[in-house]
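Numbering (my numbering), first residue to last: 11 to 620. All C-beta atoms in this analysis are idealised placements derived from N, C-alpha and C, irrespective of residue type, glycine included.
So, in C-alpha cells, the structure goes:
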C-alpha cells in the first residue's frame, strides 16, 4: 500500500482555554452517562477530553515504540513490553507479574545488545573473530578452512622443494619451530594437518549454516510436493503455485455461520466499497471496488401453505401478536412496528380474502364484506301493499321503514290513479323472499396464510474471498523488525536508532495501519481502542403532513452498541419544515429517522459506538 503521510505531533485540545476540557465522568460506562447528566447530549468539553486522551496515547506509542509494563494491565501470550530499559515477550497470559523476576514463567528476554553477549574462550561459547593466517598463537581467534588450505599448500610446496635425501640433522618434528634450514617430518606434518582438520571441523560444525527449526533459522531441503506432511522441508515455487490453483479463488463467495465474525482473508458481501490500493487483486477480479450485496432478507414475505404443519422460519399470520417479539424475531418485529406502530395493531387475516394495495387501497387496510351498489325494483302502491286495512302492514316480507316514494310509478290499472303512494320497498333478509348464504364470496379454496419470520439464511453470513492470510494483523511484529535491524549492521557492529534512517517511519507505518477507515461521503473510522465513528448523508422522504420513517443502514455494523447519533440539516432552499426529524429507533445495524414535513429533507448524521 502507499506510504501514509507522517502525522503531525500536535495533541488535540492541548491549547484549549480554561473550561473547554473537562474530565469524562465515567470512562467505563461511556456515553451512557450522558443520559444521567446531560440529557443524552455529550458536551464539547467531554469530546475535547476524549480526543485529547486518544492523541496522547498515540504520542506515547510514537515516543516509546514499545509500551512500558504496567502492573494493572492484562497481558496475553506474545505481548511485547519494555521494563527498566529492557524488552520482554510474554510466555503466557498474566497480570501484575514483573518481567524481571528471576526464572519467571511469564516473561522472557527477546532483545539483546551486542555488548551483553560474552566473548568466546576455551571454556565457553561466545562471539569470536575469524582468522585466516597461520602465524598467530592467539587462543581467542578461530581458524577458517582457508587457513588449513594455505597451511597444506605451504607444506606441500616445501616438501617438493627438498632433495631426495634429507639429513636427519635437517629433520624436525616441531610444529612451532621458526627454523628456516630444517625440514618438517611426517610427524610435524601430521600434527599440523590434524590441527587444520580440527579447525575445519570446528568451523563447519560450530559456525556454518545448520538445519532450520521452528524457532531457529537455518537451511531446509526443497520439496515440490503439494500434499506433503514433512515440516522439515521447504516448498518450492512450483509447489506453492500448484497449491494456490487448488485453493479458493479471489472473488469466490462463501457462507460462514453467523457466529464467525471476522474470517481471515474475507470481506462481508454487504454491498459496501473497499480500497483499491488495499485489495488490488480483488479489484481486478470484480472490475470495481463495490462488493456484492448478499444481505437481502426475505423476512416479512407472505405465502399460503396447503398443510397445517408450517415449515421452520414461518409463523401463521394471525399468530403474529402472540409469537413476534423483539427478542425472538427482531427483524420481523422492526418491519411490523415500523409500519403499524406496535405488534398489537397488526391486522388479522381471519377468514378474509386478500387484495393488492392500489387504487386508493393501502397496505394493512381492513374492509368488511360488501356487495357493489345495485337495485332490485319492487314496486308497490297504496291499496295493494301500504293500506292498513288491506295486505300492507300485515305483509311480513317487507321492511316498510325502507319505503321511498317514486313518481316514476303510476298505477291506474288495478286500484287507483294516484301516484303519491307509489314507491319502492326492500324485502327483509329473513323472509322467504331472501336468497343466498351467510356471506358473499367467489369460489374458494382454504389455505393457511403465513409470514416469513426468519431469513432463509439467518444462520449464515455471506463473505467474499478478498486476500490471503495476514499474520500478526494489527500488532507490532517485533521479531521481524529486530531481524531486519540485525541485517543492516555487521555482526561485530552496533547501530543507534538515530543512525537507522527508516526506523521511525517503519514503526510509524505499523502504528498508522492499526487505524482502519473509509473516508467517503458516507464512511467510517475504527480507532485502536475499539471506538467506531460513522457518518453520512441521507434524504428523508416527505410525509405530506403525515409521519414517515426513513431507514438508514450504517456503513459497518457496531459490534457491541451505538451510543449516540447526531443529525443536522443539509443546505436547504425551501425551509418549510413542520417538524424536526427525530430518532425513532436505533440498533447496531441501522437507525430509523421520523419526520412530518411535506418536503424532502437532506440531513447529515454522525454516530459513535463500539
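Leaving aside the five residues before and after residue i along the sequence, list all residues of the same chain whose C-beta is less than 8 Å from its C-beta, in chain order.
{"i": "residue 30", "result": "23, 54, 55, 58"}
{"i": "residue 132", "result": "149"}
{"i": "residue 78", "result": "91, 92, 93"}
{"i": "residue 466", "result": "308, 323"}
{"i": "residue 49", "result": "none"}
{"i": "residue 537", "result": "64, 525, 543"}
{"i": "residue 156", "result": "142"}
{"i": "residue 280", "result": "301, 303, 304, 305"}
Given this structure, state the Cα-to-Cα distance separating residue i from residue j, to the nearest angstrom.
{"i": "residue 499", "j": "residue 533", "result": "Residue placement at residue 499 is flagged as unreliable, the pLDDT there being 44, under the threshold of 50; the coordinate-derived value follows with that caveat. Approximately 44 Å, taken between the alpha carbons."}
{"i": "residue 375", "j": "residue 364", "result": "10 Å"}
{"i": "residue 332", "j": "residue 312", "result": "17 Å"}
{"i": "residue 222", "j": "residue 229", "result": "5 Å"}
{"i": "residue 128", "j": "residue 120", "result": "17 Å"}
{"i": "residue 11", "j": "residue 556", "result": "50 Å"}
{"i": "residue 558", "j": "residue 329", "result": "27 Å"}
{"i": "residue 151", "j": "residue 188", "result": "21 Å"}
{"i": "residue 145", "j": "residue 513", "result": "43 Å"}
{"i": "residue 438", "j": "residue 591", "result": "55 Å"}
{"i": "residue 176", "j": "residue 154", "result": "32 Å"}
{"i": "residue 422", "j": "residue 440", "result": "Note on residue 422: pLDDT 43, under 50, position unreliable in the model; the coordinate value appears next. Computed Cα separation, rounded: 32 Å."}
{"i": "residue 276", "j": "residue 89", "result": "26 Å"}
{"i": "residue 42", "j": "residue 350", "result": "30 Å"}
{"i": "residue 102", "j": "residue 212", "result": "38 Å"}
{"i": "residue 81", "j": "residue 206", "result": "56 Å"}
{"i": "residue 598", "j": "residue 227", "result": "47 Å"}
{"i": "residue 17", "j": "residue 529", "result": "16 Å"}
{"i": "residue 540", "j": "residue 37", "result": "13 Å"}
{"i": "residue 142", "j": "residue 163", "result": "14 Å"}
{"i": "residue 26", "j": "residue 62", "result": "10 Å"}
{"i": "residue 369", "j": "residue 377", "result": "14 Å"}
{"i": "residue 339", "j": "residue 595", "result": "16 Å"}
{"i": "residue 580", "j": "residue 607", "result": "15 Å"}
{"i": "residue 356", "j": "residue 314", "result": "18 Å"}
{"i": "residue 19", "j": "residue 40", "result": "27 Å"}
{"i": "residue 198", "j": "residue 224", "result": "46 Å"}
Write down the C-beta distance between residue i and residue j rounded to the nearest angstrom, noting that I regard them as a contact closer than 8 Å.
{"i": "residue 302", "j": "residue 566", "result": "Incorrect: roughly 16 Å between the Cβ atoms, too far for contact."}
{"i": "residue 549", "j": "residue 603", "result": "That belief does not hold up - the Cβ atoms of residue 549 and residue 603 are roughly 10 Å apart, past 8 Å."}
{"i": "residue 123", "j": "residue 158", "result": "Between residue 158 and residue 123 the Cβ distance is about 34 Å, and since that is not below 8 Å, they are no contact."}
{"i": "residue 116", "j": "residue 107", "result": "4 Å"}
{"i": "residue 195", "j": "residue 183", "result": "5 Å"}
{"i": "residue 323", "j": "residue 464", "result": "4 Å"}
{"i": "residue 97", "j": "residue 76", "result": "6 Å"}
{"i": "residue 14", "j": "residue 531", "result": "22 Å between Cβ atoms; not a contact."}
{"i": "residue 327", "j": "residue 359", "result": "5 Å"}
{"i": "residue 261", "j": "residue 296", "result": "6 Å"}
{"i": "residue 180", "j": "residue 191", "result": "7 Å"}
{"i": "residue 289", "j": "residue 477", "result": "6 Å"}
{"i": "residue 625", "j": "residue 34", "result": "With the chain covering only 11 through 620, there is no way to say anything about residue 625."}
{"i": "residue 278", "j": "residue 471", "result": "7 Å"}
{"i": "residue 310", "j": "residue 461", "result": "7 Å"}
Report all residues from its chain with a CB closer than 7 Å to the CB of residue i; omit the five preceding and five following residues, and keep chain order.
{"i": "residue 10", "result": "Here the chain has residues from 11 to 620 only, and residue 10 is not among them."}
{"i": "residue 336", "result": "343"}
{"i": "residue 610", "result": "549, 550, 551, 552"}
{"i": "residue 202", "result": "161, 165, 185"}
{"i": "residue 469", "result": "267, 268"}
{"i": "residue 492", "result": "Unreliable positioning characterises residue 492 in this predicted model, as indicated by a pLDDT of 31, which lies under 50. The coordinate reading is nonetheless provided below. Hits under 7 Å: 121."}
{"i": "residue 379", "result": "449, 450"}
{"i": "residue 293", "result": "286, 299"}
{"i": "residue 66", "result": "21"}
{"i": "residue 248", "result": "234"}
{"i": "residue 578", "result": "613, 614"}
Indicate, with yes or no, if the ligand GDP has a heavy atom lying under 7 Å from the CB of residue i.
{"i": "residue 123", "result": "As for the ligand GDP, it is missing from this structure, which has no ligand bound."}
If you drop the 5 nearest sequence neighbours on each side, which residues of the same chain put their C-beta closer than 6 Å to that of residue i?
{"i": "residue 316", "result": "457"}
{"i": "residue 545", "result": "616"}
{"i": "residue 522", "result": "14"}
{"i": "residue 535", "result": "527, 543"}
{"i": "residue 291", "result": "260"}
Is there a Cβ from chain B that is less than 8 Å from the Cβ of residue i?
{"i": "residue 116", "result": "Note that chain B does not occur in the displayed structure, where there is just one protein chain."}
Inset, instruction - Pair every Cβ in the stretch 567-578 with every Cβ in the stretch 612-619, then say whether three or more of these pairs are closer than 8 Å. - result: Taking a cut-off of 8 Å for Cβ pairs, the stretch 567-578 and the stretch 612-619 touch, as three or more such pairs fall below it.
Inset, instruction - Inspect the CB distances between the stretch 261-278 and the stretch 232-240 and report whether three or more fall short of 8 Å. - result: no
Legend entry - Uninterrupted beta strand (DSSP E) stretches inside the stretch 284-325 (no shorter than 3 residues): 312-315
Legend entry - Every unbroken alpha helix (DSSP H) inside the stretch 326-395 [4 residues or more]: 330-333, 340-350
Legend entry - 3 or more residues per run - each beta strand (DSSP E) lying fully within the stretch 86-134: 90-93, 96-100, 117-119
Inset, instruction - Taking only runs that begin and end inside the stretch 150-174, name each unbroken alpha helix (DSSP H) of 4 or more residues, in chain order. - result: 155-171
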